[in-house]
Amino acid sequence: MARPDTKFVVIGLGAFGTTVAQELLRFGNHVMGIDANEKLVSRLADTLTSSAILDSTDEAALREAGVDRYGAALVAIGTNIEASILTTMNLKLLGLKTIWVKAMNRPHHRILSKLGVDRVILPEQEMGRHTAQMLNNPSIQDYMTLGNGYSVVNVVLPERYDGVSAAKLRITAERGLRLLGMMRGTEFIPCEDPERPMKCDDRLVILGKRADLRAFGDAL
C-alpha cells in the first residue's frame, strides 16, 4: 500500500491538471484523477493509478471516493471559481495534509490564501516570468525561484569559454554567486574545485540573487 505522502489526488483534468498528474505518476507516485467531465476522466483512466467522475463540490462524493485517505491534493479546476473554492473547502474538511490550488486571477488568489491552502499557483504568470527570464538571456536554459530573492539558474557555457575554470568566470561569493555543479550531457559533475576546466555546452547550475545572476548572464 502506498504511503499517504506518495498518494496524490488531482482534481480538474484539463491541460494543467493532466500534466501535473502524469508527471507525479512518472515519479512513481500513486495518483488519482478526478473531474466531472466523463471524457477527461476516460482519457486518463488507463494511465493514472485510479480515477473518478464526480462533482468535487460534494463533500460526501469526495469522501466516498476515498479522497480523505490521500496525503496531498491539487485543485486544478479550469474556469469555475466557485467550484474551485468549494472543492478546496471540502478538502480542508476532509483533513488533507497538503493542498495546492490553481488560481484563475488575483481575487481568486486572495480568497484561496484566506482559506489557508499550502500554495496558490498562477500558472500563466509564473510561466510568463519563466519565459521572460529565458528570452532576456538566451544562455539561461531554465531557472527556479527559491524565495527571498534567490534563484537557481541553468546556464549553457558558450563555446568561447571552453577550458575556462569557474574561478576565471568569477562565479564567486564576492559576486553573490555559487556554482552548485554542472551537467555534462546526462552526467552531473560537482564543482568543489574552482580551478577545474569546463567545456563548452556544459550547463552550469548557479545559485544567486536575481540581479547578480542577470549581471553574470549579461557578461556571458
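Numbering-wise (the working numbering), the sequence shown opens with residue 4 and increments by one.
By construction, the Cβ of each residue, glycine as well, lies at the ideal position given by its N, Cα and C atoms.
A residue is called buried when at least 16 other Cβ atoms come within 10 angstroms of its Cβ; L96 does not meet this threshold and is exposed. For L207, the enclosing beta strand (DSSP E) stretches over residues 206–212.
DSSP places K105 in the uninterrupted beta strand (DSSP E) bounded by 101–105.
An exposed status is given to N151, since fewer than 16 other beta-carbon atoms sit within 10 Å of its beta-carbon. Cβ-Cβ separation between I209 and R181: approximately 7 Å, consistent with a contact (criterion under 8 Å). Within the same chain, and ignoring the five residues on either side of F11 in sequence, the residues whose Cβ sits closer than 6 Å to its Cβ are L27, N32, V34, A75. Between L77 and G20 a beta carbon distance of about 7 Å is seen, short of the 8 Å cut, so the two are scored as contacting. Within the same chain, G184, M185 come within 7 Å of I192 by CB-CB distance, once the 5 residues on both sides are set aside. Beta-bridge partners assigned by DSSP to E190: R187. Cα atoms of T22 and D38: separation of roughly 14 Å, rounded to the nearest angstrom. Comparing C-alpha distances from V70 to each of A214, V158, L47, T91 shows the shortest one belongs to T91.
The beta-carbon distance between I124 and K105, rounded to whole angstroms, is 5 Å. This is short enough to meet the 8 Å contact definition. Taken in chain order, the complete beta strand (DSSP E) segments of 3 or more residues contained in the region 36–96 are 53–56, 75–78. When the Cα atoms are used, D221 and S53 turn out to be separated by approximately 48 Å. Rounded to whole angstroms, E129 and L65 show a C-alpha spacing of 30 Å.
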